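K.L.:
The structure follows.
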Amino acid sequence: MHRAELLMAVAMMALSVVFMVMATDLPIGWVPGSGPGGGAFPFWLSLIMLVAGAVILVRELRARQTGRAVRKPFINRVALLDIGLVCAAVVATIGLMHVVGTYVAIPLFLVFYLRVIGRHGWSLIAAFAVVTPIVLFLFFEVTLRILLPKGITEPLFFPLYAFFF
Amino acid sequence: MLNSTLRRAVAAACVLGAAAVVPPAQAADWSPNKPIEMVIMAGQGGGADRLARLFQSIIQKNDLADMPVLPVNKGGGSGAEALRYMKDNAGDAHKVMATLNSYYTTPLRTDIGVDIANFTPLARMAVDTFVLWVNADSGITTLDEYVAAVKEAGGAWKMGGTGTGQEDSLVTAMLEKEFGLTFTYVPFKGGGTVAKNLVGGHIDSTVNNPSEQLAFFKAGEVTPIATFTEERLEPLPDVPTMRELGHDLTYGMQRSFVGAPGMPADAQAYYIDLFQRLSDTEEWQNYAAEQALETDFLAGDALQEYFLKERAVHAELLEATEGG
Amino acid sequence: METLALLADGFALSLSPLNLFVVVLGVTIGLFVGAMPGLGSVNGVAILLPMTFLVPPASAIIFLGALYYGAMYGGAISSILLGIPGASTAVATTFDGRPMAQQGKAGLALIAAAVGSFVGGTLSVILFTIFAQPLADVALAFGPAEEFALVLLAFTTFVGLGGDDIPKTILMIVFGLVLSTVGLDLISGQPRLIFFDLPGFYSGISFLVLAIGVYGIGEILWTLETTRGKAPVTTARIGLRDLWAGVRQLSHSVRTMTFGSVLGFFVGLLPAAGATPASLMAYGMAKTLSRKPETFGKGAVDGVVAPETANNAASTGSLMPMLTLGIPGSPTTALLLGGMVMWGLMPGPMLFIEEPGFVWGLISSLYTANAFAVIINLALIPMFVWALRMPLTILCAMVIVLCIVGGYAPDQRLHDVWLIAVFGVGGYLLRKLNYPLAPLVLALVLGPLMEKAFRQALISAQGDPMTFLERPLSASFLVLAAVFFLLPLLKGLRRRPADAPGRTP
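Right under this line is the structure:
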């Protein structure tokens, strides 16, 4: 917990430095007659962010000295595996949406999640993997007229469009 | 939902049946096989967005297209996002973009690697007009009084408008140059906000489109001084044009559609035909008259020529604004 | 009288078949979302906001308003049955609701919550109706300087009343503000903070993306860890007879309900205070004023009634600054505000003048939403109990799918979905370290408003910063803001002098 606190404070400070550097593309000072320039808001706010991060860092370091630091583990080990798997699955799903489209990626995600995390039976998994994309298609594409990404599977949908629209 | 789907299927079948018997008048070689994406170069809720969505609803209502037209806003970076998107989808026949003048100004002002000469010109639907407005409480009614008042304010006169580098700021720059004035230009997010601030007395004048101000004009809250058009506007018959007053200042905002670079020629023909029919609808003509829009239809190569000419004009205008 | 006429017009709108339908739908969905452990009105509104484009803006906001109400009612359900607050607003409800359920009085607790919510909601809508018009009349006096001062006030109340870790709160506010500057600088028309030169950043970072990431994906990760797959399962079974027995017992709680409503409404009015502090304050007051304070925490009916009345009253109250001033009083109203901006309806002083039909339609719909919420809630209580037995793994999988697809839908950019994933993981880690996330979301919503107003005011005043102090309205807001900001700092100094040097940011 304590180490995570320190890391997060450092990460936030690093992020604020990146923001500050990027903000300098635009004038960060006071433009006479019209107030702050375009880079001023992001720059000075990032500076406050840096200071706030530093305050948190110093406070945590002191807590260590005085022995008041919280020493319990940051993330429970058993949960860490689950959380890592879910994060990986989400990233893989979004990546797959670019290539094979929503209607392949989402069922794959459901199969993975319900099987590996949920340990559900195959018949329930199959039901969700089939029904979810159908509901999504009817709700988003047919009702709301919002096209979801299809990637290389797009030509397969032409007959469906012709039928529904 | 099932019900409406069924109805739609039945309707589609009827249309198909009818089509088999009577071939459509303009049999295009190409027709869309998936919904058409209408990319809007501006964010939701603004004037450009409302107009694009109006076009979409007229197309839908009169069944002008074989597939639904789906509006998508990509207004980021004054349309830079939309321009990049169209460029990245070169050759796509199912994407059209609704443009405004940022079609020229955005690639001129920021380097986004887009050359509009490569885009496929489709149709110009309208040219929006500009009018100089002041708050009715100011008591100003003529251009001479206006110029005198601005000069007296000595640079503190607050001109409200849309973002810097966009149309309103260009018209403001034209005014500054013509009359030797200095304004304090206050940029706002959209024409509606500008109108509110003019009425609330937080700015002194604006060059807003009539569509944004007409309601306040009817309520007697704002006074039009002069129009930046060739001829007087129908809803404002008593307001002189700048040209009548001896100043050659005209400026218009085009509302057009373009396709991605490298759109197939038969698809281009399909869309030109679609927009021609859209332009002829009664709904559109009525709306345009009410909102003081000029509706000369322009398509294909003639439109491309117009775009390139306008781009050159804007390059000069921008240089004048940003240099001075 | 003018108010009554406007309200009548409003009812004409809100009682149209479409709007009645969306109210019933919104309340029902809201009840379910609220009843889900971990999910509250924020999550429901964030996930469903993109789907409201189907209907006209008035119906969309009525739907979301009903959803908001439904979720406030529903939040009590998992608090009572599972001891897990459905949302932070229902935390106080667990104090006595859970003991009641353990004593076998779950039915009574649920009824007390539903009736309390109804009374709180209705009384506060009446207060809302009375006060809305006068507040709206100051409308046109609001220029950029006043807008800026107000937004600043909202932020400082968050620092002051939030009660969270102050450096962390400030860090989160500033972080949100910096994120809000991504994209195009309106004033100069130049792009800034375009990370990795991705075109997706040209349009900035939508609050929706952050909210779905933090409250959707982040919440799932949180749930995953706290339960480790084993959801607490309830065994409560409730019959209709229990419901009626409950209603009769509530006659003793009239006083609690009345002050809970009034207190909730006015706390809700304070920008950034919202329903969570209101419900905690009401609980504390009910205990102080009670003739039997010792029963609190051991299953006192008033201990359920007080927070539930107050949180519903506050959620109505917090709609008022959102509508009249464009300042949200809670994360959920921040989302509603963002939604309205997306529909092209700018909440704020002009809204009552430009869109009276919309505003009064919404207000009148709150009456109908309340009525439907209490009826549907009472009728569906047995079903909620059943729904809570849905395995958490299925629920989580469906929520993730909704987050991915729902995040893509509004702007149709996979770029946004990637950001949701990043914010989800980041938000989870921040939450683990007790960084408050609501200020982050609020800052992203209010940031563009604040910067624009600040710079417009300065440009109008030729760069003279005194403009903020010379205008009476803006000056008084700024003084209030300074007070709110300094108050907790002073308190902090007095409490822990040893830490003082390190605590001044």
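From first to last, the protein sequence lines stand for chains A, B and C. Quick note: the first sequence uses UniProt numbering, first residue 1, plus one each step. Quick note: the second sequence uses UniProt numbering, first residue 1, plus one each step. Quick note: the third sequence uses UniProt numbering, first residue 1, plus one each step. For every residue, glycine included, the Cβ atom is placed at its ideal position computed from N, Cα and C. The model shown is predicted, which means the values in this text are computed figures rather than measured ones.
1. Any C-beta of chain C within less than 8 angstroms: which residues of the segment 54-86 of chain B qualify?
2. For a cutoff of 7 angstroms on Cβ pairs, would you count GLY163(B) as touching chain C?
3. What is the rounded straight-line gap between the Cα of GLU152(B) and the Cα of VAL479(C)?
4. What's the gap between the Cα of PRO167(C) and the Cα of LEU224(C)?
5. Please list the segments of the alpha helix (DSSP H) lying wholly inside the segment 31-95 of chain C, counting only runs of 4 or more residues, in order along the chain.
6. Pull out every residue of the segment 176-192 of chain B whose Cβ sits closer than 8 angstroms to any Cβ of chain C, in chain order.
7. Relative to the C-alpha of residue 360(B), which candidate in ARG109(B), GLU231(B) and ALA48(B) has its C-alpha closest?
8. Measuring straight from C-alpha to C-alpha, what distance separates ALA231(C) and PRO159(A)?
9. Taking only beta-carbon atoms, is LYS158(B) less than 7 angstroms away from chain C?
10. Starting from SER14(C), follow the alpha helix (DSSP H) in both directions and report where the run begins and ends.
11. Between the beta-carbon of ALA278(C) and the beta-carbon of GLY264(C), is there less than 7 angstroms?
12. Is LYS287(C) helix, strand or coil by DSSP?
13. Quick check on TYR367(C) - is its C-beta less than 7 angstroms from some C-beta in chain B?
14. So, MET320(C) versus LEU269(C), is the Cβ gap smaller than 7 angstroms?
15. Is there contact here, the segment 211-225 of chain B with the segment 101-119 of chain B, by at least three beta-carbon pairs under 8 angstroms?
16. Using 10 angstroms around the beta-carbon of GLN291(B), count the other beta-carbons present and answer buried if the total reaches 16, otherwise exposed.
17. Measuring straight from C-alpha to C-alpha, what distance separates THR66(A) and HIS2(A)?
18. With DSSP run on the structure shown, which of helix, strand or coil describes MET74(A)?
19. Quick test of the definition: if touching needs 3 or more C-beta pairs under 8 angstroms, does the segment 444-453 of chain C touch the segment 177-184 of chain C?
20. Please classify GLU5(A) as buried or exposed, where buried requires at least 16 neighbouring CB atoms within 10 angstroms.
21. How about TYR161(A): is its C-beta nearer than 7 angstroms to some C-beta of chain B?
22. At least one CB of chain A closer than 7 angstroms to the CB of LYS34(B): is that the case?
23. Just to confirm, are GLY118(B) and PRO261(B) a CB contact at a threshold of 7 angstroms?
24. Mind the definition here: the segment 239-256 of chain B touches the segment 72-88 of chain B only if three or more C-beta pairs lie below 8 angstroms; say whether that holds.
25. Within 10 angstroms of its Cβ, does SER476(C) collect 16 or more other Cβ (buried), or is it exposed?
26. Can you tell me the Cα-Cα spacing of PRO71(B) and ALA481(C), whole angstroms?
27. What first and last residue would you give for the beta strand (DSSP E) that runs through ASP25(A)?
28. Got a sec? Which residues, its chain only, sit under 7 angstroms from GLU231(B) by beta carbon, not counting five neighbours each side?
29. Confirm, please, whether the CB-CB distance from GLY75(C) to ARG98(C) is below 7 angstroms.
30. What's the C-alpha gap between PHE217(B) and GLN166(B)?
31. Here's the rule I'm using: 16 or more other beta-carbon atoms within 10 Å means buried, otherwise exposed. How should GLN190(C) be labelled?
32. Would you kindly report the start and end of the unbroken alpha helix (DSSP H) that includes GLU167(B)?
33. Can you tell me the Cβ-Cβ gap for ALA66(C) and ILE363(C), rounded? I've got them flagged as a contact below 8 angstroms.
34. Alpha carbon to alpha carbon, how far is THR234(C) from ALA371(C)?
35. Under 7 angstroms between C-beta atoms, does SER460(C) make it to chain A?
36. In this structure, how does DSSP classify GLN412(C) when only helix, strand and coil are distinguished?
P.N.:
Result, derived from the coordinates:
1. Here the close residues are VAL72, ASN73, LYS74, GLY75, GLY76, GLY77, SER78, ALA80, GLU81, ARG84 and TYR85.
2. At least one beta carbon of chain C lies nearer than 7 angstroms to the beta carbon of GLY163(B).
3. Straight across, the Cα-Cα distance linking GLU152(B) with VAL479(C) is about 35 angstroms.
4. Going from the Cα of PRO167(C) to the Cα of LEU224(C) covers about 28 angstroms.
5. Listed in chain order, the complete alpha helix (DSSP H) runs (minimum 4 residues) inside the segment 31-95 of chain C are 41-48 and 57-81.
6. Hits within the stretch, in order: THR184, TYR185, VAL186, PRO187, PHE188, LYS189 and GLY192.
7. With chain B represented from 1 up to 324, any question about residue 360(B) goes unanswered, as that position is not in the structure.
8. Its pLDDT being 49, under 50, ALA231(C) is placed unreliably by the model, and the measurement read from it follows with that caveat. Inter-residue distance for ALA231(C) and PRO159(A) is about 43 angstroms (C-alpha atoms, whole angstroms).
9. So yes, LYS158(B) belongs to the interface.
10. From DSSP, the alpha helix (DSSP H) with SER14(C) extends over 2-14.
11. Yes, these two residues count as a Cβ contact at 7 angstroms.
12. Looking at LYS287(C) - three-state DSSP - the assignment turns out to be helix.
13. No, its Cβ sits nowhere closer than 7 angstroms to a Cβ of chain B.
14. Yes, the Cβ-Cβ distance between MET320(C) and LEU269(C) is below 7 angstroms.
15. Segments in contact, no.
16. Here GLN291(B) is buried, its C-beta having at least 16 other C-beta atoms within 10 Å.
17. Approximately 13 angstroms between the Cα atoms of the pair.
18. The residue you asked about is not Met; residue 74(A) is Phe in the sequence shown. DSSP places PHE74(A) in coil when its eight states are reduced to three.
19. Short answer: they touch.
20. Buried: at least 16 other Cβ atoms inside 10 Å.
21. Answer yes: the Cβ-Cβ gap between TYR161(A) and chain B drops below 7 angstroms somewhere.
22. Between LYS34(B) and chain A, the shortest Cβ-Cβ separation is below 7 angstroms.
23. The amino acid occupying residue 118(B) in the given sequence is Asn; Gly does not appear at that position. Yes.
24. Taking 8 angstroms as the limit for Cβ pairs, the verdict is that the segment 72-88 of chain B does not touch the segment 239-256 of chain B.
25. Exposed, since its Cβ has fewer than 16 Cβ neighbours within 10 Å.
26. So the two alpha carbons sit approximately 42 angstroms from each other.
27. That residue, ASP25(A), is in no beta strand (DSSP E); it is neither H nor E in DSSP.
28. Excluding sequence neighbours, GLU231(B) sits near THR241.
29. With contacts defined by Cβ atoms closer than 7 angstroms, ARG98(C) and GLY75(C) do not form a contacting pair.
30. In this structure, the straight-line span from the alpha carbon of PHE217(B) to that of GLN166(B) is close to 24 angstroms.
31. By the 10 Å Cβ count, GLN190(C) comes out buried.
32. Run containing GLU167(B): 167-179, per the alpha helix (DSSP H) assignment.
33. So it is not a contact: roughly 13 angstroms between Cβ atoms.
34. Note that THR234(C) scores 49 on pLDDT, short of 50, meaning its location in the model is unreliable; the coordinates nonetheless yield the value given after this. Taken atom to atom, the span from the alpha-carbon of THR234(C) to that of ALA371(C) is near 28 angstroms.
35. With 7 angstroms as the cut-off, SER460(C) does not count as an interface residue toward chain A.
36. If DSSP states are grouped into helix, strand and coil, GLN412(C) belongs with coil.
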